[in-house]
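Contents: one structure, followed by commentary.
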Amino acid sequence: MKKTQVSKRLFKEARRLLPGGVDSPVRAFKAVGGTPRFIVRGRGSKLYDADGNRYIDYVGSWGPLILGHADPRVTAAVKRVIGNGTSFGAATEVEIRLAEMICRAMPSIEMLRFVNSGTEATMSAIRLARAFTGRERIIKFEGCYHGHSDSLLVSGGSGMATLSIPDSPGVLRQAARYTLVAAYNDIQSVQRLFDKYPGEIAAVIVEPVAANMGVVQPARGFLGGLRRLTKKYGALLIFDEVITGFRIAYGGAQGLFGIKPDITCLGKIIGGGLPVGAYGGRRDIMKMMAPEGQVYQAGTLSGNPLAMTAGIETLRILNDARVYRQLEERTAALQEGIAAAACQACIPLSIARAGSLLTVFFSGGEVSDYSSARSCDTGLFARFFNSLLNDGIYWPPSQFEAAFVSLAHSPQDIETTIRAAGKAFKQL
Ligand code: KE4
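Just so we're aligned: the sequence shown equals residues 3 to 430 in our numbering.
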C-alpha cells in the first residue's frame, strides 16, 4: 500500500477551512473513497504527492495539460514575461496574437472575447445568444456540463453526475425554467422542444463530443441535425469546446466533424494550464458585446499576459499534425491494451475514445447517452480506480469523466498502465 499519512493530515486540516477539503468537488474522491492526494509537483506525465509517491497522471488538470506537466517551453515563456508584470487591466499585443491563432484554427470564430474560465465563457455565450435572438429559452443536453452558472446547472454531468446532484439548490427556479433539457444523440428530443416552444428558443448548447458523462461520441448525423434544426428555427448553435478544442484535433470537434457553430466556447488548453476561457463566433453576433454593442461582460484579469503567453506557446507546439497522430496512437494503444486485459479477466467493459480522451465504462453495452452512462457499475469503477491508484496510476476519480492522455505519456507509461489495469481487473 502507498503511504498516505501526509495527505491524510493535510486533508483533515483542509476540511476545516475548505468545504469538503477542496476547491472543486471533482477532486475529493467522494465517489471512489479514500484520501485525495495532496500534490506537490508535476513533471511530464508524472505527479508527485506530499508523501513522496509518484503517479502516471491521466487527469492533466482536467484537460489543459496536453503537453504534460511543467512543459519547459511553456514555463520558459511564462518566466520570460512574468517579470514585466502579471496583469495591467489594459490592452496588450499578446491578446491579439492568441486570438489570431484561435481564429485561424477555427474559421467559425471571426471575433472572440477572452475570460478566465470555461464557466464564464458559456455563461456569457448564453447571454449573448439571448440578446442576439431576443429569445429566452435555451436547450442543453442531459449529462453535458457547461460550468456552474445558473442557466446551465441543470441535469449536468461531471461532478453533478458523480455526486448524484441532479439540480443544485440555490439555482434560481426561474433561471432553470428557461433551460430545456434534451437527450444526447436523440435529435427527435430536440425537434420536440422546437415544436413545443416555437420562436422561443435562443440557442442550443452542446459538447460536440460529450466528455462529462464519460466520453460519448456524437452519433452519425447528430451534430448535423442540430445545425439544421437551429438554422430552421432561427436559434444559435453553441459548441462548448472547452474540453474538445485543440484536444481532439487542432481545429476542435467542429473541424473534425465539419460543422460550423455560431458561437464556440473555449478554455483549458488555450491557457496552457493558466486560468482562461474564451467565447467567439460570427462577427455580427460578437459585435453585440460591449463596448462595441450593448451586451455587458467584463473581467479584471481577462486576457492577462501570463495566460495569453502560456496559451500561445502551447498552440504553437500543437500546430503540427504529427502531434495529434502521436496522441491518437498512444491513446488507441491504451484503449486496446485495457480492452484485452478486461477480456482476459472476463470483465464486461465498454471503452469510449475520442482522440486523446478515454473512458472505461463498467457496462456491458455501448454508452451513447446519459441514461446508458448512469447504468454503469460505479462500485466496480471505484475498485478499479483504487487498485490503479495503489499501483501508481492517477485516473480521474469518477466513472463520469474522461481520462486525458498527453504528449508526455511515453509508450512505457502506457504499458505500465495496461499492466496495472490487468491486475485491477483480476482483483475485481
Ligand atoms: P471551468 O469553469 O471549470 O474552467 O470550465 C467549465 C467547463 C465548461 N465546459 C466543459 C465542457 C467543461 O468540461 C468544463 C469543466 N470541466 C470539468 C471537468 N469535467 C473541470 C473540472 C472541475 O470542475 O474541477
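Every residue gets a Cβ at the ideal spot worked out from N, C-alpha and C, and that includes glycine.
For ligand 1, is there a heavy atom less than 8 Å away from the beta-carbon of Lys198? Not one heavy atom of ligand 1 lies closer than 8 Å to the C-beta of Lys198.
Could you have a look at Leu409 and say whether DSSP puts it in helix, strand or coil? coil
Please indicate yes or no: does the CB of Glu403 lie closer than 8 Å to some heavy atom of ligand 2? Ligands present in the displayed structure are limited to ligand 1, and ligand 2 is not among them.
May I ask whether a heavy atom of ligand 1 can be found less than 8 Å away from the beta carbon of Ser304? The answer is no for Ser304.
Taking only runs of the beta strand (DSSP E) that begin and end inside the stretch 164-222, which ones reach a length of at least 3 residues, in chain order? If we require 3 residues or more, the beta strand (DSSP E) runs fully inside the stretch 164-222 come out as 181-184, 203-208.
Beta-carbon within less than 6 Å of Phe364's beta-carbon, same chain only, minus the 5 sequence neighbours each way: which residues are those? Cys378, Asp379, Leu382, Phe383
Please report the distance separating the alpha-carbon of Phe134 from that of Lys48. Phe134 and Lys48 have their C-alpha atoms spaced approximately 45 Å apart.
If Ile340 and Ala423 are in contact, beta carbons under 8 Å, what's the gap, nearest whole angstrom? 5 Å
Taking 8 Å as the limit between beta carbons, can you name the residues of its chain near Ile128, skipping five residues before and five after? Ile140, Ser151, Ser153, Leu154, Ala204, Ala205, Ile207, Ile240
Measuring alpha carbon to alpha carbon, tell me which of Asp59, Val96, Arg43, Tyr60 ends up nearest Ala52. Arg43
Name, in chain order, the residues that DSSP records as bridge partners for Ile353. Ile353 pairs with Val362.
With distances taken from CA atoms, which of Gly65, Met3, Pro168, Leu20 is nearest Gly357? Selection Gly65, Met3, Pro168, Leu20 evaluated against Gly357 yields Gly65 as nearest (Cα-Cα).
Across which residues does DSSP place Cys1 in a beta bridge pair? Absent from the structure is residue 1, since the part of the chain shown begins at 3 and ends at 430.
Using CA coordinates, which residue listed in Leu430, Leu359, Leu329, Val369 is at the minimum distance from Ala347? Leu430
Quick one: which unbroken alpha helix (DSSP H) runs of 4-plus residues sit fully inside the stretch 288-343? Chain order, please. The qualifying runs are 307-320.
In its own chain, which residues sit with a C-beta less than 8 Å from the C-beta of Asn86, not counting the 5 before and 5 after it? Pro307
Over what stretch of residues does the beta strand (DSSP E) that includes Gly273 continue unbroken? Per DSSP, Gly273 belongs to no beta strand (DSSP E) and is neither H nor E.
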